[in-house]
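Chains as they are written, first to last, in this note's numbering: chain G, 55 to 292; chain X, 88 to 335.
Don't be surprised by glycine CBs; every beta carbon is placed ideally from N, CA and C.
Source: prediction; values computed, not measured.
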């Protein structure tokens with residue numbers, strides 16, 4: 055890929071996906087607002103397209119809501135944890151500034167969002183081939199589970215690919231696989247912790263035929279993700 | 088830049104990802120030239136997908152695919168005749184092209200993740216090449232399909248025959264994709280293999296989503312959503328036209 059002075063930002067997407075170490079490391083050295091805005095735009099579009107595909111099974115309105123919520127979770131997680139992630143990096147041996155940490159994580163989410171955006175037509179096709187999720191319409195358990203598992207597989211694939219690239223970048227910046235691993239795991243732990251609670255607050259995503267289509271559930275700010283997991287485990291053990 | 092054409096390296100059926108000749112390969116001209124190049128010298132096609140004529144070449148390949156799929160569709164529709172003579176070609180051509188369209192973004196992603204140095208333009212050409220090879224091979228099977236369609240009344244048997252022909256055509260089409268990935272410096276083929284499985288599943292499901300293609304029905308498109316395996320099982324278990332006393 056050509057690395058001219060002002061290359062098209064769109065041409066940077068394949069470079070990110072391929073994980074080309076040299077240009078990416080160069081981009082990390084300087085904060086460019088236009089690049090950051092571009093990454094945010096790609097996240098909004100890619101994750102938004104996937105969110106719409108998730109929600110379209112329930113209703114077009116649900117698709118619109120999730121198209122807004124899914125990128126919102128990613129961006130709120132990135133900027134909500136910006137200070138924490140920016141502090142973890144140097145504490146664990148990788149001399150990055152807070153801005154550089156944000157940039158690295160944004161690049162990773164840009165990769166994930168691009169992958170999810172590309173997979174969204176396939177998800178829409180899958181949803182088109184099953185009965186709609188409507189009140190009064192019986193959905194076989196196997197159908198619901200296959201849609202769920204497909205979505206889990208797609209999101210997992212996007213997440214693993216993006217984190218592999220992030221790991222490669224951190225290894226190049228730190229010169230040490232051990233430091234890169236420590237920093238990555240600390241960022242992942244913080245992002246998963248905040249991200250899961252944001253997902254809990256911003257539910258529903260797929261939706262339910264027994265509940266109306268709404269942006270947030272009325273009890274969105276009551277309880278939390280980890281509390282519900284704890285209660286579920288406690289119920290199982292009874 | 089324009090050097091005399093050279094004879095490309097000898098064909099190696101098991102390894103069509105031969106290294107590019109140093110000199111510029113002969114341009115690919117016209118529909119028949121493109122078909123000839125696809126079958127005998129695919130590396131020439133791959134080379135010209137990277138030049139300024141790539142858009143024209145891609146359009147030619149897509150035209151070949153569309154025309155051949157439509158023609159094969161007429162042969163498939165001749166089993167039932169009537170409405171299927173136009174509905175089957177439209178569904179086969181439209182369905183395959185639509186399947187390629189929705190799978191194209193993921194091919195680009197998988198390609199990039201595998202380290203392939205090809206842009207959207209080259210990837211579009213690769214997909215067009217895949218469709219064109221599939222279509223041309225199906226045309227080769229068309230006389231066999233026609234003979235069987237005139238001499239059997241079993242929808243399940245004809246369906247199995249068409250799927251078999253389709254799978255053979257798909258196999259050769261994916262060899263073109265593999266060779267293209269090699270040419271564009273792919274570091275891994277895992278993503279390409281996953282994509283091929285996805286594309287195959289989408290195509291198979293598309294044939295069910297657009298049914299009936301061989302048989303007749305009161306509506307042009309199905310009113311019930313079904314997975315393709317469930318549909319095939321139903322077709323196999325359905326009574327034949329001879330058993331129901333229904334004449335063709």
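Mind listing the chain X neighbours of residue i? Cutoff is C-beta to C-beta under 7 Å, in chain order.
i	result
residue 179 of chain G	189, 289
Name the chain X residues whose beta carbon is nearer than 8 Å to that of residue i?
i	result
residue 168 of chain G	196
residue 172 of chain G	192, 193, 195, 196
residue 184 of chain G	312
residue 215 of chain G	200
residue 176 of chain G	189, 190, 193, 285, 289
Taking buried to mean at least 16 other C-beta atoms within 10 Å of its own C-beta, is residue i buried or exposed?
i	result
residue 278 of chain X	buried
residue 173 of chain X	exposed
residue 182 of chain G	exposed
residue 269 of chain X	buried
residue 225 of chain G	buried
residue 210 of chain X	buried
residue 236 of chain G	buried
residue 283 of chain G	exposed
residue 207 of chain X	exposed
residue 83 of chain G	exposed
residue 205 of chain G	buried
residue 335 of chain X	Unreliable placement is indicated for residue 335 of chain X, whose pLDDT of 45 sits below 50; no coordinate value is reported for it.
residue 278 of chain G	exposed
residue 128 of chain X	buried
residue 119 of chain X	exposed
residue 264 of chain G	exposed
residue 307 of chain X	exposed
residue 178 of chain X	buried
residue 291 of chain G	exposed
residue 310 of chain X	exposed
Using a Cβ cut-off of 8 Å, pull out every chain G residue sitting near residue i, in sequence order please.
i	result
residue 151 of chain X	The premise fails here: residue 151 of chain X is roughly 24 Å from chain G at the closest Cβ pair, so nothing lies under 8 Å.
residue 296 of chain X	182, 183
residue 182 of chain X	Those do not exist, as residue 182 of chain X stays about 11 Å from chain G at its closest Cβ, beyond 8 Å.
Can you tell me which of the options puts its alpha carbon nearest to the alpha carbon of residue i?
i	options	result
residue 273 of chain X	G:209, G:71, G:64	G:71
residue 236 of chain X	X:131, X:171, X:123	X:171
residue 194 of chain G	X:260, X:179, X:312, X:321	X:312
residue 266 of chain X	X:117, X:130, X:247	X:130
residue 124 of chain X	X:219, X:142, X:225, X:164	X:219
residue 233 of chain G	G:242, G:155, G:221, G:274	G:221
residue 156 of chain X	X:228, X:316, X:142, X:189	X:228
residue 238 of chain G	G:266, G:168, G:214	G:214
residue 73 of chain G	X:196, X:117, X:302, X:145	X:196
residue 64 of chain G	G:119, G:139, G:103, G:165	G:165
residue 154 of chain G	G:246, G:62, G:80, G:258	G:80
residue 275 of chain G	G:287, G:257, G:290, G:267	G:257
residue 281 of chain X	X:164, X:198, X:181, X:137	X:198
residue 78 of chain G	G:136, G:105, G:223	G:223
residue 200 of chain G	G:184, G:190, G:210	G:184
residue 219 of chain G	G:85, G:176, G:162, G:109	G:162
residue 200 of chain X	G:207, G:187, G:217	G:217
Using a cut-off of 7 Å between C-beta atoms, extract the partners of residue i located in chain G.
i	result
residue 202 of chain X	72
residue 292 of chain X	183
Any idea what DSSP makes of residue i, helix, strand or coil?
i	result
residue 302 of chain X	coil
residue 254 of chain G	helix
residue 90 of chain X	Note that residue 90 of chain X has pLDDT 43, beneath the 50 cutoff, so the model's placement of it is unreliable and the number below is only indicative. In the structure shown, residue 90 of chain X sits in coil (DSSP, three-state: anything other than H, G, I, E or B).
residue 85 of chain G	coil
residue 276 of chain X	coil
residue 201 of chain X	coil
residue 165 of chain X	coil
residue 233 of chain X	helix
residue 314 of chain X	coil
residue 209 of chain G	helix
residue 140 of chain G	helix
residue 193 of chain X	helix
residue 182 of chain G	helix
residue 319 of chain X	helix
residue 270 of chain G	coil
residue 143 of chain X	helix
residue 191 of chain G	coil
residue 101 of chain X	Low local confidence applies: a pLDDT of 48 at residue 101 of chain X is under 50, so the model's placement there is unreliable, and no value is given.
residue 261 of chain G	coil
residue 111 of chain G	coil
residue 261 of chain X	helix
residue 325 of chain X	coil
residue 105 of chain G	helix
residue 175 of chain G	helix
residue 371 of chain X	The requested residue 371 of chain X is not part of the displayed model; chain X covers only 88 to 335.
residue 111 of chain X	coil
residue 352 of chain G	It is not possible to answer for residue 352 of chain G, since the shown part of chain G is limited to 55 through 292.
Below 8 Å on the Cβ atoms is my guess for residue i versus residue j; work out the distance and round it to an integer in Å.
i	j	result
residue 204 of chain X	residue 263 of chain X	Their Cβ separation, rounded to whole angstroms, is 18 Å, which puts residue 204 of chain X and residue 263 of chain X out of contact at 8 Å.
Given 7 Å as the limit, tell me if residue i has its C-beta closer than that to any heavy atom belonging to the ligand PLP.
i	result
residue 69 of chain G	This structure simply doesn't include the ligand PLP, nor any ligand for that matter.
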